[in-house]
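I have placed the structure first, in the form of structure tokens, so that the comments after it can refer back to it.
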Amino acid sequence: MARDYLLAAPNLGHLWARLLVDELVRNGVSAFFVGPGSRSTPLAVAVAEHPRAEVTVHVDERGGAFAALGWARATGRPAALVTTSGTAVANATPAAAEADAEGVPLLLLTADRPPELRETGANQTIRQPGFFAHVARWSFDLPVPDAAVPPAFVLTTAAQAVHRSLSPRGPVHLNLPFREPLAPAPDGVRVEALLGGLEHWLGGEGPYTRYPSPRVEVSREEVDALAVRLNGIERGLVVLGKTDDVEAAAAARGLARALGWPLLADVASGARLDAEPDTDAPYYDLALTSAAFRSAHRPEAVVHLGQRATSKRLLQFIEDAAPRPFVVVRPDASRFDPAHRVTDRVQSDVVRFCRAFTRFDPAPSTAWRRAWQAASAAVEGALGEALGGDALSEPRVARLVSALTPGGWGLVAAASMPIRDLDAFAAAGGPARRVTANRGASGIDGTIATAAGFARGLGGPAVLLVGDLALLHDLNGLALLREGPPIVVVVINNDGGGIFHFLPIAPGAGAGALPDGTFEPLFGTPHGLGFEPAARMFGLAYARPETAAAFEADFRAAVEGGRSALIEVRTDRAENAALHRDLQARCARAVEEALGL
């Protein structure tokens, strides 16, 4: 297969592109997201004609990069973005920054002008070598295809790129200059002669260069020493932050059982929605609205697994408690300690670390863990009572989306209010679902494209909960929903930036509040737009429910419809902020009454 594919290369540039693509595929890269352009013609054709490459074409390289990011989140394997030269390369920067911040493998394959056209004023030319140096795990500027350079060089470069994207995980940049002819026009190159030294590779399907699977594992001695310090502590917390590892939830619960502590799982960990009653306290965020509960339940020890948690209340609570030990477990070496409270930094795969504790007998349930679970149950009851009517608010939408998304589906949340509302209000105890969000750099760029790539990586449908500004920011991402697994987009349209009403600058917030005439244009940013025309433009089913019952009916219809749909919910920003304050007060009272505080 490889022989025929490579021998069909019409010229040297196309041969190098085919060598690169084939070795990437052999190293596990199957998804390629391609932006249109001339200089990248050899790469685009090589991808399109490879029998095992999955190709998605998107007009916007920024969205294509985020789609590749979403695919990598779902699979744990790198996807590749293919761009032409010039500003097309720069458009991949936001996704590369996100991949760097959260350790997501991503390959950036950028076509470039040859060296003689750089720094000369040639059209569509910028300084591409090293363009992503501030975020890339590895960057390499290949030479222009040259018959004097052994083809094996291209193969080892491809294998190295994949390995470097996985160890440690993150973005890798290959800059690929091409000379004319860019079109598949013959240039007289003798392809078979150039490939003469690669017979063994041509006759198989394995990679030219094999790398071991990256393993970051804590030593047995380190686990034993840490166990001695932790096992005698009753007042501890296991925090599972955001993670794309599907095995992390079960592993974290095993650790919580071994220590006898409650598990506080972020919604983007996959463990918040299918919480288990014997270990989890899923409504911890709203339980911490009670000052009395916070005062009486300061932890002596915390083990934080994975990425940052969404809940600002939880992070502030741990910072104020200053537990010792405060253990952070992550596979990378980066400092993860914004409050400078961490006492022990363990560089390890989270699942392997947790499983190292399973040889210890589970600790019995304690009054400490039962108190956290009682507080969580009190919050759940208060929310059920307060949000039980037919009014359609933003917290109610979060609860409905979390409850109605079918098991096995993906769930993607935008980085602003949607992820916060899901983390606080989502219904717990349902079926397992994969949940993700771009919370590394926490931008709202590329949210729709991320969801499209995530669904493609899962190989099945997904739901996206997104705000109006994030949808407007990535409006052309709706084009990606016309193909691939169906995605139900639920957009909260409160005509602007709702999250700013929760900040001290909001009108009426106190000493730092801005006057309405300043706040609205700069932060509220009203746009006065609805999304029915956008749904119609991109061929999506559309609904605009005004009650909870209507939302449930429209959501179920969209799930069962078998094609992508957009459901728009209109809300008021100021009313939403007031509702959040009321719900927090209700939950605090419920916790204090349940625990006699």
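Note that my numbering has the sequence shown beginning at 3, numbered continuously upward.
The C-beta atom is built at its ideal place from N, Cα and C for all residues, glycine as well.
All of these numbers come straight from a predicted model, not from anything done at the bench.
Residue j beta carbon less than 7 Å from that of residue i
i	j	result
residue 494	residue 464	no
residue 253	residue 353	yes
residue 107	residue 80	yes
residue 246	residue 105	no
residue 49	residue 23	yes
residue 40	residue 218	no
residue 260	residue 327	no
residue 236	residue 370	yes
residue 251	residue 229	no
residue 414	residue 438	yes
residue 211	residue 159	no
residue 240	residue 263	yes
residue 585	residue 566	no
residue 242	residue 307	yes
residue 174	residue 163	yes
residue 558	residue 244	no
residue 94	residue 83	yes
residue 11	residue 20	yes
residue 268	residue 311	yes
residue 404	residue 388	no
Close beta carbons around residue i, own chain, < 8 Å, minus the five adjacent residues each side
i	result
residue 289	283, 295, 374, 377, 378, 380, 381, 589 and 593
residue 119	127
residue 225	355, 358 and 359
residue 179	113, 114, 115, 116, 117, 143, 144, 145 and 146
residue 600	Outside the displayed range of the chain (3 to 599) lies residue 600, so it cannot be described from this structure.
Cβ neighbours of residue i in the same chain (closer than 7 Å, five flanking residues each side left out)
i	result
residue 427	385, 397, 400 and 401
residue 472	416, 418, 446 and 449
residue 454	69, 72, 479, 482, 483, 486 and 489
residue 124	115
residue 561	408 and 490
residue 132	141
residue 165	213
residue 149	14, 191 and 196
residue 209	25, 28, 29 and 161
Heavy atom of the ligand GDP within 6 Å of residue i beta-carbon
i	result
residue 119	This structure does not include the ligand GDP; it has no bound ligands of any sort.
Counterpart residues of residue i in DSSP-defined beta bridges
i	result
residue 494	469 and 571
residue 35	58 and 83
residue 349	332
residue 141	175
residue 238	303
residue 265	240 and 282
residue 489	464
Neighbourhood of residue i by C-beta distance below 6 Å, restricted to the same chain and skipping five residues each side
i	result
residue 56	32 and 33
residue 300	323
residue 528	497 and 498
residue 99	137 and 443
residue 143	131 and 177
residue 320	304
residue 66	35, 37, 60 and 83
Residue i (DSSP reduced to helix, strand or coil)
i	result
residue 424	helix
residue 30	coil
residue 218	coil
residue 446	coil
residue 412	strand
residue 482	helix
residue 434	coil
residue 501	helix
residue 464	strand
residue 527	coil
residue 133	coil
Interface flag, residue i vs chain D, CB-CB below 7 Å
i	result
residue 450	This model lacks chain D altogether, as it is built from one protein chain only.
Hey, which unbroken runs of the alpha helix (DSSP H) at 4 residues or more fall wholly within the region 267-341?
List check, alpha helix (DSSP H) in window: 286-289, 293-298 and 314-323.
Whole alpha helix (DSSP H) runs in the region 144-180 with 4 or more residues, listed along the chain?
DSSP runs (the alpha helix (DSSP H)) wholly in the region 144-180: 153-168.
Can you list, in chain order, the stretches of the beta strand (DSSP E) that have 3 or more residues and sit fully within the region 93-130?
Counting only runs of 3 or more, we get 108-114.
Every unbroken alpha helix (DSSP H) within the region 544-592, with a cutoff of 4 residues, ordered by chain
For the region 544-592, whole alpha helix (DSSP H) runs of length 4 or above, ordered along the chain, are 550-563.
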